[in-house]
DNA sequence: TTTACATATGAATAAACGATCATATGTTCA
DNA sequence: TGAACATATGATCGTTTATTCATATGTAAA
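Residue numbers (my numbering), protein chains in the order written: chain H, 115 to 238; chain U, 115 to 238.
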């Protein structure tokens, strides 16, 4: 095992970049970082087993909180907490009927995202 | 503020479920939990600011690691670690040319996922 | 107006995660 | 063969996050 030579190449790497033209060109077309973070946050909501279970279930049928608990075998408060997150980002919507609150996917994009993701998973 | 009555309604809730038929019907159509977890993991990969930056950049152009470092202003090892995660799930692919490794999106589904997610973000 | 049920929520905690540092590996060229 | 560069990776660490518990809120029926 060798000792490091002298100066860390790492620092320079970031600054130099290999293909300045490409980097600058892509930078122009990159959404601003707020937008990218919003996008990341949307996907993060899909990126958890419990939440993806909720979403897939709701893509099949509107369901109340207790239905989701039973289906996914999770505590009621866990489901409620996650539904709150999903609702805040308009991924699901809620409708109260007496004591019961029914949840559903907010729009068709959500279903299409689920389907498209599944295509990638299924194609091995 | 009231004291709790007697027995926790919470436990029963999970078992009872309000709409047994719906729950059982949805259960039949729900993918098995391994598949759902794979799907969640795929979305989780999209659910981070650095990785979504990488992915959006690669949707514009093939780029090497140093290009991505410069573009996103991140340390080389951070980028490399994330590229490893993305590669493991076949979200990106790598091509070596001498010392330089070029990364690109693995297939068209990835680009479509990005676009579809952005539609949701943009429509306020 | 209590009781029971359905849902929501704050606090606490353990687990997962991303960035960093140090260093290793792989490649080219002198 | 050794110096320089590009990339990869293991270990560490601070932060984030999902779940749980306890309890609050909201609603309906007795």
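Glycine included, each C-beta is placed from N, C-alpha and C at the ideal position.
Note that this is a predicted model, so its numbers are computed, not measured.
Does the separation of the CB atoms of residue 215 of chain H and residue 172 of chain H fall below 8 Å? Mapped onto the first chain, residue 215 of chain H falls at position 101. Mapped onto the first chain, residue 172 of chain H falls at position 58. Not in contact: residue 215 of chain H and residue 172 of chain H (Cβ atoms no closer than 8 Å).
For residue 140 of chain U, name the three-state secondary structure that DSSP assigns. One-based indexing of the second chain puts residue 140 of chain U at position 26. Looking at residue 140 of chain U - three-state DSSP - the assignment turns out to be helix.
Closer than 8 Å, CB to CB, is residue 209 of chain H near chain U or not? Position 95 of the first chain holds residue 209 of chain H. It does not; no Cβ of chain U falls within 8 Å.
DSSP puts residue 219 of chain H in a beta bridge; with which residues? Within the first chain, numbered from 1, the residue matching residue 219 of chain H stands at position 105. Bridge partners of residue 219 of chain H: H:206.
Thinking C-beta only, is residue 136 of chain H closer than 8 Å to residue 177 of chain U? Within the second chain, numbered from 1, the residue matching residue 177 of chain U stands at position 63. Within the first chain, numbered from 1, the residue matching residue 136 of chain H stands at position 22. Cβ distance < 8 Å, so residue 177 of chain U and residue 136 of chain H count as in contact.
Could you check what DSSP says for residue 188 of chain U in three-state terms: helix, strand or coil? Indexing the second chain from 1 puts residue 188 of chain U at position 74. In the displayed model, residue 188 of chain U falls within coil according to three-state DSSP, outside both helix and strand.
The alpha helix (DSSP H) with residue 168 of chain U in it runs from where to where? Numbered from its first residue, the second chain carries residue 168 of chain U at position 54. Unbroken alpha helix (DSSP H) run through residue 168 of chain U: 163–174.
Note down the Cα distance separating residue 147 of chain H from residue 155 of chain H, rounded to an integer number of angstroms. If you number the first chain from 1, residue 147 of chain H lands on position 33. If you number the first chain from 1, residue 155 of chain H lands on position 41. Computed Cα separation, rounded: 12 Å.
Select from H:186, H:220, H:134 the residue whose C-alpha is nearest the C-alpha of residue 164 of chain H. If you number the first chain from 1, residue 164 of chain H lands on position 50. With distances taken between Cα atoms, residue 164 of chain H lies closest to H:186.
In three-state DSSP terms, what is residue 237 of chain H? Residue mapping note: residue 237 of chain H aligns to position 123 of the first chain, counting from 1. Coil at residue 237 of chain H, not helix or strand.
In chain H, which residues lie less than 8 Å from residue 226 of chain U when you measure between Cβ atoms? Locating residue 226 of chain U in the second chain gives position 112, counting from the first residue. Within 8 Å Cβ-Cβ: 230.
Could you tell me which chain H residues have their CB closer than 7 Å to the CB of residue 148 of chain U, listed as they occur along the chain? On the second chain, position 34 is the one that residue 148 of chain U refers to. Here the premise fails: no neighbours, minimum Cβ distance about 10 Å.
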